[in-house]
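Peer 1: Here it is, the structure, as structure tokens.
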């Protein structure tokens, strides 16, 4: 099975799919699955931008809305997790996962699915210790604080993943597992990212919960992004003497920009007797069912049960429990193709776009159907019961089909003291938060910026000549289960050199004829601090 791994997408779906098409032409082989490691930016309309924690200069519609509206269809089945730059109001509609657009599947806060017999797990968001123990209490309109805390991972999802006992083939996270640098070429990493030196010295580079999952689950592959560099590592796990040695092949990729190593195509062995259709994982569904009572939507700390507890604290399911859940699913684990638009999609008609107010989190029919069938609680429903329903949007919601901008009713006042607000988008590195907690988009009556198509996040079209787009740092063959190129007894400094044997292409985008200058964001994006930008 040919799987393409992509780092930080940053909304550039058109460029990613175009690059995959060029790879297919170059190799003569079809890519079966695309996995995106976060910062997907599934913005459906202008109003979703106000729910995305990025400085205003980086808030661009990009191309996802075309796939949401049906203008385009993803040419390859796409899986993605959430990162720290997302349209969080959209993703909150699908806490357990679901179709963000036709052929584009979001894995939710955490999830495990299967395709062709390959088990793929995902953990969305990034780790921040001060929010880790809390419930999922956030909902729009977000404050400058909750706009960020909403994508911080919670102990519930990590606890659930730790209950998995059957082997997982692939695990995807946005930030790196802490300490992963020890298993790769750290000298080469520091040469590319010298400001990692301090975090490496105090062992704070990466996510502590991800590190725990790495050594608990021992997946065959682990893919990440977030730190905007390509890095490979080989983790040899400690196992009892009577067990076969287990190795995790780790790969992190860059963001989707010209001349950046953001895409890697791998061959991973799958079950040829199974179709390449997405299916729920029965063990994961059973864990969700058994731990539903642990879901919290409160801001206070929520502790997971553990040894010495008077209640059950191990939820690895029995065969009988899984059989009961299979009955609840009508003995059918195929993920239904039940995508439905829940808000209006962006239109090139700027006049109509200006009439649409910010979107609230709506009840997604996919989540309703899933929760009803499996007997789970919808976090949004719990929030509505706890603190009351959200204000109704001033658009007509029609779950039976796509929206038209003409369905929106003009309303040129904003909700901030009853008057139209002109809130600036705060860059927390340089400014203080707005005094108004209603994070509605500023300049609601204005179309997208005039220089939208030339923004720093928009990329040039790929050239037809791919001769200068490939490098040989990490090979598909060396990542293949059949490969004999990797000797797990090698030292960590030799890992990347071993992975360089018989390379297939790592994909980068070519530069424009007149290269644009891309300034690296503030170094704080890489550091384990409270500043998530």
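Numbering (full-length UniProt numbering), first residue to last: 1 to 533. We put the beta carbon where it would ideally sit given N, CA and C, even for glycine.
1. Who are the Cβ neighbours of residue 383 in its own chain at under 6 Å, not counting the five residues just before and after it?
2. Can you tell me which of the three DSSP states residue 104 falls into?
3. Could you name the residues that DSSP lists as bridge partners for residue 172?
4. Can you tell me the Cα-Cα spacing of residue 34 and residue 308, whole angstroms?
5. Exposed or buried, which one is residue 337 when buried takes at least 16 other CB atoms within 10 Å?
6. If you check the beta carbons only, do residue 153 and residue 209 fall under 8 Å apart?
7. Short of 6 Å in beta carbon distance, which residues of its chain neighbour residue 17, apart from the five on each side in sequence? Order them along the chain.
8. For residue 60, name the three-state secondary structure that DSSP assigns.
9. If you reduce the DSSP assignment to three classes, tell me which class residue 51 lands in.
10. Using three-state DSSP, classify residue 15 as helix, strand or coil.
11. Taking only runs that begin and end inside the region 223-302, name each unbroken beta strand (DSSP E) of 3 or more residues, in chain order.
12. Counting pairs of Cβ atoms below 8 Å between the region 91-104 and the region 59-78, do you hit three or more?
13. Throw me the rounded Cβ distance for the residue 175 and residue 204 pair, which I believe falls under 8 Å.
14. Output needed for residue 461: all residues of its chain with C-beta closer than 6 Å, excluding positions within five of it in sequence on either side, in chain order.
15. Around the C-beta of residue 276, are 16 or more other C-beta atoms found within 10 angstroms, so that it is buried, or is it exposed?
16. Less than 8 Å between the C-beta atoms of residue 269 and residue 317, yes or no?
17. Am I right that residue 335 and residue 280 are in contact with their C-beta atoms under 8 Å? What's the rounded C-beta distance?
18. Just verifying my parser: in three-state terms, what is the DSSP assignment at residue 5?
19. Jot down the residue ranges of each uninterrupted alpha helix (DSSP H) in the region 320-381, minimum 4 residues, whole runs only, in chain order.
20. What first and last residue would you give for the beta strand (DSSP E) that runs through residue 201?
21. Going by DSSP in three states, residue 315 sits in which element: helix, strand or coil?
22. Are three or more beta carbon pairs between the region 116-132 and the region 51-60 nearer than 8 Å?
23. For residue 223 versus residue 180, is the C-beta distance shorter than 8 Å?
24. Let's test the definition: count the other Cβ atoms within 10 Å of the Cβ of residue 156 and tell me whether it reaches 16, buried, or not, exposed.
25. Is DSSP giving residue 484 helix, strand or coil here?
26. Quick one: Cα of residue 230 to Cα of residue 265, how far?
27. So is residue 191 buried or exposed if we call it buried at 16+ other beta carbons inside 10 Å?
28. Taking three-plus beta-carbon pairs below 8 Å as touching, is the region 184-203 in contact with the region 143-152?
29. Tell me which same chain residues have a C-beta within less than 8 Å of the C-beta of residue 237, skipping the five on either side of it?
30. What three-state label does DSSP hand residue 43 in the structure shown?
31. Tell me which same chain residues have a C-beta within less than 7 Å of the C-beta of residue 379, skipping the five on either side of it?
32. State buried or exposed for residue 178, treating a residue as buried only when at least 16 other CB atoms are found within 10 Å of its CB.
33. From the DSSP secondary-structure annotation, give me the bridge partner or partners of residue 80.
34. What separation, rounded to the nearest whole angstrom, lies between the Cα atoms of residue 262 and residue 361?
35. So residue 137 is in the alpha helix (DSSP H); what residue range does that whole segment cover?
36. Rank 30, 14, 23, 10 by C-alpha distance to the C-alpha of residue 2 and give the top, closest one.
Peer 2: From the atom records:
1. The answer, listed in chain order, is 139, 297.
2. Strand, per DSSP.
3. When DSSP reads this structure, residue 172 sits in a beta bridge with 122, 223.
4. Approximately 43 Å between the Cα atoms of the pair.
5. For residue 337, the number of other beta carbons within 10 angstroms of its own is below 16, and it is reported as exposed.
6. Contact annotation: residue 153 and residue 209 have beta-carbon atoms nearer than 8 Å.
7. Excluding residues up to 5 positions away in sequence, 75 lie with their Cβ nearer than 6 Å to the Cβ of residue 17 in the same chain.
8. Correct three-state label for residue 60: coil.
9. DSSP places residue 51 in helix when its eight states are reduced to three.
10. Here residue 15 sits in helix by DSSP.
11. List check, beta strand (DSSP E) in window: 231-236, 247-252, 263-267.
12. In short, these stretches touch, since the Cβ pair count reaches three.
13. That pair is no contact at about 12 Å.
14. In this prediction, residue 461 has a pLDDT of 45, which is less than 50 and means its spatial position is unreliable; what the coordinates show is noted afterwards. Nothing meets the Cβ criterion.
15. When all chains shown are included, residue 276 counts as exposed.
16. No; because the gap between Cβ atoms is not below 8 Å, this pair is not in contact.
17. Indeed, because the Cβ distance is near 6 Å, the residues count as touching under 8 Å.
18. Residue 5 falls in the strand class under three-state DSSP.
19. With a minimum length of 4 residues, the continuous alpha helix (DSSP H) runs that stay inside the region 320-381 are 350-353, 365-374.
20. That residue, residue 201, is in no beta strand (DSSP E); its alpha helix (DSSP H) goes 197-201.
21. Residue state, collapsed to three classes: coil.
22. The answer is no - the region 51-60 does not touch the region 116-132, with fewer than three Cβ pairs under 8 Å.
23. Between residue 223 and residue 180, the gap from beta carbon to beta carbon reaches 8 Å or more.
24. With 16 or more other Cβ atoms within 10 Å, it is buried.
25. Because residue 484 sits at a pLDDT of 32, beneath the cut-off of 50, its placement in the model cannot be relied upon, and the following sentence gives the value as read from the coordinates. Per DSSP, reduced to three states, the secondary structure at residue 484 is coil, with no helix or strand assignment.
26. The C-alpha of residue 230 lies about 14 Å from the C-alpha of residue 265.
27. Taking all protein chains in view, the Cβ of residue 191 is surrounded by fewer than 16 other Cβ atoms within 10 Å, so the residue is classified as exposed.
28. Judged by Cβ distances under 8 Å, the region 184-203 makes no contact with the region 143-152, as fewer than three pairs qualify.
29. Hits under 8 Å: 215, 218, 245, 246, 247, 248.
30. The three-state reading of DSSP puts residue 43 in coil, since its state is none of H, G, I, E or B.
31. Contacts found: 95, 136, 295, 297.
32. So residue 178 ends up on the buried side.
33. According to DSSP, residue 80 bridges with 36, 106.
34. The straight-line gap from Cα to Cα measures roughly 31 Å.
35. Per DSSP, residue 137 belongs to no alpha helix (DSSP H) and is neither H nor E.
36. Among 30, 14, 23, 10, the Cα nearest to that of residue 2 is on 30.
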